[in-house]
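Each remark here refers to the structure printed beneath this line.
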Amino acid sequence: MGVSSTLSVLLLLVLINLCNTIKGINAFHQVYENLQSQSVESVNHLHRSAFHFQPPKHWINGPLYYKGFYHLFYQYNTKGAVWGNIVWAHSVSKDLVNWEALEHAIYPSKWFDIKGTWSGSITLVPGKGPVILYTGINQNETQIQNYAIPEDPSDKYLRRWIKPDDNPVAMPDYTMNGSDFRDPTTAWLSKDGHWRTLVGSRRKHRGIAYIYRSRDFRHWVKAKHPVHSKDSTGMWECPDFFPVSTIDFENGLDLDYAGPNAKHVLKVSLDMTRYEYYTLGKYYPMKDRVTHKHVTVIKPLSLCHFVSLASLKEFTHAH
């Protein structure tokens, strides 16, 4: 065995030993109020990524293609490196590598979001252009769903956004938990002429994904039943809902597809476990219900796992 081979084996053994000794860092959702507004004094560019997007500094939480530009909207703490002081920051790119930071798209300013402008989505609506659906926090700490529109839809940069005074578009009723009702998904236009979107929530320990319908993207009505729910799962954050083909594994399906040879994926982030979960099932648009049979948890691997697997693969292929 040559010197290079011996060194590769020794390095691999050292890495495996480190991974067995050092535990991976799990995701967390702890709020550090004393650090929320503690600004970073300087940023060392040696510690920044070369191609993956990063803001100039501080905490952030996918892109929209519009008039020749990719638009990245992201939750951003303007004052500190932990969660807090959330606004919707906005950057644009022509190639997904070089990004230009623009002024913030939305930030707390109205009664319906004075305590926070939280996560949401953007939908390209025919005749209206891009429309933001987002969760606002009012003075009573109630989570409500709002919308925002570009001041000038012809502006390819989408620099300025308006939050109309007829907000909110959806509020929790007496049967719902107003403290956990957030993260509207990208909407889709169904063949019955209704737009649909999902909002995550919980009732006690039962996780819930509510589905809302609208004909004009302004007046939204909650479906009679949740699209899905599960006991002992807690709050369902950032739900996603989309169809996948069961016969064509190369091409995706439009969000409104509900025909044969397809299953629907419901993905949620569990606030209770800090993991991503998804289910596969059959969606019935006339009833706005899904029958799910398979549940899968997506657990993050620690860096050590990736290092060990990558090193082993490289060594195996090279020798």
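Residue numbers (this note's numbering): 56 to 374. Positions of the beta carbon are idealized from the N, C-alpha and C atoms, including for glycine. Just so it is clear, the structure is predicted and the values come from calculations on it, not from any experiment.
Residue i to residue j span [Cα, whole Å]
i: leucine 157; j: serine 174; result: 19 Å
i: isoleucine 169; j: lysine 322; result: 29 Å
i: aspartate 286; j: glycine 191; result: 26 Å
i: lysine 122; j: tyrosine 229; result: 42 Å
i: threonine 346; j: asparagine 193; result: 35 Å
i: phenylalanine 128; j: tryptophan 243; result: 19 Å
i: phenylalanine 167; j: arginine 261; result: 26 Å
i: proline 163; j: arginine 270; result: 28 Å
i: glycine 307; j: alanine 317; result: 11 Å
i: threonine 328; j: leucine 335; result: 20 Å
i: arginine 237; j: lysine 342; result: 22 Å
i: glutamate 305; j: glutamate 331; result: 24 Å
i: serine 300; j: aspartate 311; result: 13 Å
i: valine 186; j: tryptophan 138; result: 25 Å
i: isoleucine 161; j: valine 142; result: 6 Å
i: asparagine 195; j: threonine 178; result: 28 Å
Own chain, CB closer than 6 Å to residue i, minus 5 neighbours either side, in chain order
i: arginine 215; result: Glu206
i: leucine 188; result: Gly175, Ser176, Tyr202, Pro239
i: proline 340; result: Ser245, Ala313
i: arginine 273; result: none
i: tryptophan 275; result: Val224, Ala225, Tyr267, Ser269
i: aspartate 326; result: Gly289, Met290, Glu292
i: alanine 144; result: Tyr129, Tyr131, His159
i: alanine 278; result: Ile266, Asp343
i: lysine 165; result: Lys218
When the options are compared against residue i, the one with the closest alpha-carbon
i: glycine 182; options: Ser209, Thr172, Gln194; result: Ser209
i: valine 180; options: Gly233, Arg251, Thr328; result: Arg251
i: glycine 289; options: Pro340, Gly255, Val345, Leu188; result: Gly255
i: phenylalanine 296; options: Lys337, Lys285, His319, Tyr332; result: His319
i: serine 234; options: Ile217, Lys259, His249; result: Lys259
i: tyrosine 333; options: Pro298, Val142, Asp311, Asn306; result: Pro298
i: valine 152; options: Thr133, Ile217, Pro118; result: Pro118
i: serine 284; options: Phe304, Leu253, Gln130; result: Leu253
i: leucine 213; options: Tyr131, Pro315, Ser146, Ile302; result: Ser146
i: isoleucine 302; options: Met231, Pro315, Asp311; result: Pro315
i: asparagine 140; options: Gly171, Ala278, Lys149, Trp154; result: Gly171
i: threonine 197; options: Ile217, Pro185, Asn232; result: Asn232
Proximal residues to residue i (C-beta, below 8 Å), its chain only, five neighbours per side dropped
i: tyrosine 120; result: His126
i: lysine 211; result: Tyr121, Lys122, Gly123, Phe124
i: alanine 264; result: Leu253, Val254, Gly255, Ser256, Pro281, Val282, His283, Ser284, Trp291, Pro294, Phe296, Leu321, Val323
i: glutamate 155; result: Ser146, Val147, Ser148
i: lysine 337; result: Lys318, His319, Val345, Thr346
i: proline 227; result: Thr197, Gln198, Ile199, Gly233, Phe236, Ser256
Residues near residue i by beta carbon distance below 7 Å, same chain, minus five either side
i: glycine 248; result: Arg270
The stretch 218-230 touching the stretch 185-203, judged by at least three CB pairs closer than 8 Å: yes
Ordered list of beta strand (DSSP E) runs contained in the stretch 132-211, each at least 3 residues: Complete beta strand (DSSP E) runs here, min 3: 141-148, 154-161, 171-180, 184-192, 198-205.
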